[in-house]
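Peer 1: Residues 3 to 358 in my numbering are what the sequence shown spells out, letter by letter.
I have a structure I would like to understand better, so I am pasting it below and will then ask my questions one at a time.
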Amino acid sequence: MKTITSLFLILTITTLSVKAATTAAVDTGKVGTSADPKDPPLIFFGSVDTYYKYDFSGHPNIKTSFATDQNSVSIGMVDLGLKKKVGKASFVGELSFGPRGQEQSLPDGSNSLDPIVGGASSYHIQNLYVSYDVTDKLNFTAGYMATFIGYEVISPTGNFNYSTSYLFSNGPFQNAGFKATYAFSDKVSLMAGIFNDNWNTYTSQHDVSTFGAQLMVAPVKGWTAYLNVASGPTSGTIFDLTTAYQITDAFKLGLNAADYSTAHGGLGYDGVALYPQLAVSKIVTFGVRGEYFKFKKGDNVTGLTLTSNIKAGALTIIPEVRLDNANVDTFGFTKGDGLTPTKSAGQFVLAAVYAF
């Protein structure tokens with residue numbers, strides 16, 4: 003009996019000890035729940051997205067990034083990120099899993115197969131960098147970062163349209179390197195840095211020789227403009243203007259213009275995209291993306307994308323119709339047989355994006 007009683011007491015004490023350990027204050031990833039009030043919390047963020055797309059030709063026809071599956075309820079990606087700041091030092095780590103991650107370049111910058119899973123890599127590093135505030139105005143950041151160039155981004159939570167522009171698809175997605183940002187005021191800041199000479203890879207295939215800079219100006223409330231440049235002997239040179247102006251509470255106007263030249267051969271592209279958006283209620287906004295894109299020494303295409311964002315808390319429903327028209331029938335669009343060239347292509351997309 004004593005043995006049973008002793009075992010019972012030991013078990014009770016052990017259970018209470020484990021319970022006390024597991025119910026102590028822990029960092030849940032939400033602001034304000036850190037165990038130590040002097041230690042800021044680890045913040046967890048991300049998104050998931052899914053979509054249905056139907057190309058009017060009956061087969062995939064518009065060759066831009068992501069959402070390429072035809073007549074299928076498909077998945078985008080699950081995006082998982084962590085960030086934390088203690089004192090002047092901070093970090094961001096962000097990974098994506100799914101086709102939207104697969105369609106980005108692999109770590110070596112290629113589209114080769116992953117030897118582990120036997121297919122295209124199912125994950126992609128979106129951001130992985132550390133940052134330090136030298137002063138209230140000067141910040142240093144090093145690592146692998148979403149590019150500072152362009153209007154659209156990889157994550158669907160950062161875009162109004164679900165499909166992507168030609169400017170986005172042909173420009174850099176990410177840059178690895180070191181940058182310094184100085185804020186002269188809340189209206190003017192300047193970033194300058196040195197980056198790997200290949201876009202979209204966190205390993206340098208040649209050297210760290212791409213120079214990048216960004217001038218941010220905010221002339222009036224609600225209007226911000228970014229003048230960007232990146233230039234390297236392998237990556238080439240791109241000049242980019244990205245700006246957005248919240249003209250009224252309901253109306254926003256964005257613009258992206260870029261000129262890219264390859265390092266050799268005089269190739270590249272020019273383009274401009276306009277993004278007017280009108281909020282008709284707190285939950286419904288309509289927008290248009292009008293884009294003109296031209297390959298240097300090549301063809302051009304004009305795209306018109308009509309999109310709506312319907313909010314339901316953290317969930318956004320995105321119905322979208324896209325119509326593209328090229329100047330020649332050799333741009334790459336084909337008719338219903340998949341063989342006969344044509345100048346135009348169109349598609350319908352219905353997407354759902356959940357942000358957390």
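For glycine and all other residues, C-beta sits at the position ideal for the given N, C-alpha and C.
If you're wondering where the values come from, they're calculated on a predicted model, not measured in any experiment.
Which first and last residues belong to the beta strand (DSSP E) in which F297 is found?
Peer 2: V286 to F297 is the span of the beta strand (DSSP E), which, as asked, contains F297.
Peer 1: I need the DSSP call for Y170, collapsed to helix, strand or coil.
Peer 2: Going by the sequence as given, residue 170 is Phe instead of Tyr. Looking at F170 - three-state DSSP - the assignment turns out to be helix.
Peer 1: Just how far apart, CA to CA, sit L181 and V190?
Peer 2: First, the amino acid is wrong: residue 181 is Lys here, not Leu. Approximately 17 angstroms between the Cα atoms of the pair.
Peer 1: Report the CB separation of Y134 from F142 in whole angstroms; it is logged as a contact under 8 angstroms.
Peer 2: Correct: roughly 5 angstroms between the Cβ atoms.
Peer 1: Are the stretch 153 to 170 and the stretch 190 to 201 touching, with three or more C-beta to C-beta distances below 8 angstroms?
Peer 2: The stretch 153 to 170 is not in contact with the stretch 190 to 201.
Peer 1: Below 6 angstroms CB to CB, which residues in the same chain sit around K85 once its five sequence neighbours on both sides are set aside?
Peer 2: Correct list, in chain order: I45 and V94.
Peer 1: Express the C-alpha separation of V231 and T25 in angstroms, rounding to a whole number.
Peer 2: Reliability of the predicted coordinates at T25 is poor, the pLDDT of 36 falling under 50, and no value is obtained from them.
Peer 1: Mapping DSSP to helix, strand and coil, what is T342?
Peer 2: It is coil, neither helix nor strand.
Peer 1: I want to see whether chain C comes within less than 9 angstroms of F333, judged by CB atoms only; does it?
Peer 2: No chain C is present in this structure, which holds just one protein chain.
Peer 1: Using three-state DSSP, classify T159 as helix, strand or coil.
Peer 2: Reduced to three states, the DSSP call for T159 is helix.
Peer 1: Look at the alpha carbon of P343 and the alpha carbon of N63, and state the distance between them as a whole number of angstroms.
Peer 2: P343 and N63: Cα-Cα distance of roughly 11 angstroms.
Peer 1: Using only alpha-carbon positions, find the residue among S92, L306, S346 and S211 that is nearest to R324.
Peer 2: Considering only alpha carbons, the answer is L306.
Peer 1: With the cut-off set at 9 angstroms, would you say I127 and E154 are in Cβ contact?
Peer 2: No, the pair does not count as a contact, with Cβ atoms beyond the cut-off.
Peer 1: Can you grab the Cα-Cα spacing for the pair K337 / S59, in whole Å?
Peer 2: Computed Cα separation, rounded: 6 angstroms.
Peer 1: Over what stretch of residues does the beta strand (DSSP E) that includes S206 continue unbroken?
Peer 2: Per DSSP, S206 belongs to no beta strand (DSSP E) and is neither H nor E.
Peer 1: Going by other Cβ atoms of all chains shown within 10 Å of its Cβ, with 16 needed for buried, is G34 buried or exposed?
Peer 2: Model confidence at G34 stands at a pLDDT of 43, short of 50, so the residue's coordinates are unreliable and nothing is read from them.
Peer 1: Go ahead and label S157 buried or exposed: buried means 16 or more other beta carbons lie within 10 angstroms of its beta carbon, across all protein chains shown.
Peer 2: Per the 10 Å Cβ criterion, buried.
Peer 1: Tell me which residues share the same chain as P174 and place their Cβ nearer than 6 angstroms to its Cβ, disregarding the 5 neighbours each side in the sequence.
Peer 2: Excluding positions up to five away in sequence, the list reads T149, I151 and W201.
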